[in-house]
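*Asks:* Note that the sequence shown covers residues 20 to 247 in our numbering. Glycine included, each C-beta is placed from N, C-alpha and C at the ideal position.
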Amino acid sequence: MNQRLEEINSRIRKAAEQCGRDPQSVRLVAVSKTVPSERVLEAINSGVTILGENYIQEARQKFDALNAHPIAWHFIGHLQTNKAKYAVRIFDLIHSVDSIKLAREINKRAARINKIQNILVQVNISQEASKSGVHVDHIKPLIQEISGMSNLKIKGLMTMPPFFNQPEKVRPYFGALRNLRDELLIRENVIDAGLHELSMGMTGDFEVAIQEGATLVRIGTAIFGARK
Ligand SMILES: *Cc1c(COP(=O)(O)O)cnc(C)c1O
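Shown next as structure tokens:
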């Protein structure tokens, strides 16, 4: 575990340095879906500071088991509105907000526990019908709506590009997400400068994602091995 993590951290560092970025500007989200708590604990003991979980039920159990450790919890899966009440109790950052309905529910549930919930807006950058995420045409109205919600704070954008075996094929999608972030940040001025995070890049393509500006890379397989 230790060795795997060292290797990934060194690849992250190299990818950042090669394109003139500060390696500290890229954070590793260790994606621990389906991985039992004991193995997640090994990762924490090896220096992991952010966990990414996809399923609320599973995350609640792990949170109970690992909550005492000083780690940040990120939700990266599809969030059903009826699970928002659990999500706000556990997660420091929810990467997958992609509708006004979901945003409203998270806002309401966060308000009840007096929390400002940090979120990312998930963008369907490839505009494939099967993918979750907000369509590019609907992103500005969604962000504008969310900016009016008192218990949500948008920290940036997230995307899941189409799957390719060659990371170079994914590069245009990562670049498109960065351009969209820059456009929203600079030209549209739709919300405050909090919108800097770019959650993109997984085991197969995180170096390319870093070259295109990723600030959060979500890596599971390279840390924990193949999932069943
Ligand atoms: C599972 C998952 C990952 C991690 O994928 P790996 O290829 O195992 O690194 C990243 N992001 C999301 C949204 C996931 O569901």
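#1: Using 10 angstroms around the beta-carbon of G232, count the other beta-carbons present and answer buried if the total reaches 16, otherwise exposed.
#2: Give the range of the alpha helix (DSSP H) segment to which F193 is assigned.
#3: Do I138 and I158 come within 9 Å of each other at the CB atom, strictly closer than that value?
#4: Which stretch, first to last residue, makes up the alpha helix (DSSP H) that contains I135?
#5: Thinking C-alpha only, which one of R32, S145, Q185, G175 is nearest Y192?
#6: Which residue spans inside the segment 106-179 form an unbroken alpha helix (DSSP H) run of at least 4?
#7: Check this for me: beta carbons of Q136 and V107, under 9 Å apart or not?
#8: Look at V153 and Q141 and say whether their C-beta atoms are less than 9 Å apart.
#9: Can you find a heavy atom of ligand 1 that lies under 8 Å from the Cβ of M20?
#10: Pull up the distance between the alpha-carbon of N73 and that of E26, whole angstroms please.
#11: Could you check what DSSP says for F183 in three-state terms: helix, strand or coil?
#12: Does the beta carbon of V50 fall short of 8 Å from some heavy atom of ligand 1?
#13: Could you name the residues of the same chain whose beta carbon sits closer than 8 Å to that of R79, not counting the 5 residues immediately before and after it, in chain order?
#14: Kindly identify the DSSP beta-bridge partner or partners of V50.
#15: Skipping 5 residues on each side, what residues in its chain have a beta carbon closer than 8 Å to that of L121?
*Replies:* On the basis of the supplied data:
#1: For the purposes of this step, residue 232 is identified with residue 213 of the sequence shown, where counting begins at 1. Buried: at least 16 other Cβ atoms inside 10 Å.
#2: Counted from its first residue, the sequence shown places residue 193 at position 174. 190-201 is the span of the alpha helix (DSSP H), which, as asked, contains F193.
#3: Sequence index remark: in the sequence shown, residue 158 carries index 139 (1-based). Sequence index remark: in the sequence shown, residue 138 carries index 119 (1-based). Cβ distance not < 9 Å, so I158 and I138 don't count as in contact.
#4: Stepping through the sequence shown from its first residue, residue 135 is reached at position 116. Careful: I135 lies outside any alpha helix (DSSP H) and carries neither H nor E.
#5: Counting from one through the sequence shown, the residue named residue 192 turns up at place 173. Answer by Cα proximity: S145.
#6: 119-131, 158-166
#7: One-based indexing of the sequence shown puts residue 136 at position 117. One-based indexing of the sequence shown puts residue 107 at position 88. In contact: Q136 and V107 (Cβ atoms closer than 9 Å).
#8: In the sequence shown, counting from the first residue as 1, residue 153 sits at position 134. In the sequence shown, counting from the first residue as 1, residue 141 sits at position 122. For V153 and Q141, yes; Cβs fall inside 9 Å.
#9: For the purposes of this step, residue 20 is taken as the residue at position 1 of the sequence shown. Result no, Cβ not under 8 Å from ligand 1.
#10: By 1-based counting over the sequence shown, the position of residue 73 is 54. By 1-based counting over the sequence shown, the position of residue 26 is 7. In a straight line, the C-alpha of N73 is about 24 Å away from that of E26.
#11: Stepping through the sequence shown from its first residue, residue 183 is reached at position 164. It is coil, neither helix nor strand.
#12: Along the sequence shown, read from residue 1 onward, the residue named residue 50 stands at position 31. Correct: V50 has its Cβ closer than 8 Å to ligand 1.
#13: Taking the first residue of the sequence shown as 1, we reach residue 79 at position 60. Correct list, in chain order: Y105, I109.
#14: By one-based count along the sequence shown, residue 50 stands at place 31. Per DSSP, G71.
#15: Walking along the sequence shown from the start, residue 121 turns up at place 102. L98, T100, A103, listed in sequence order.
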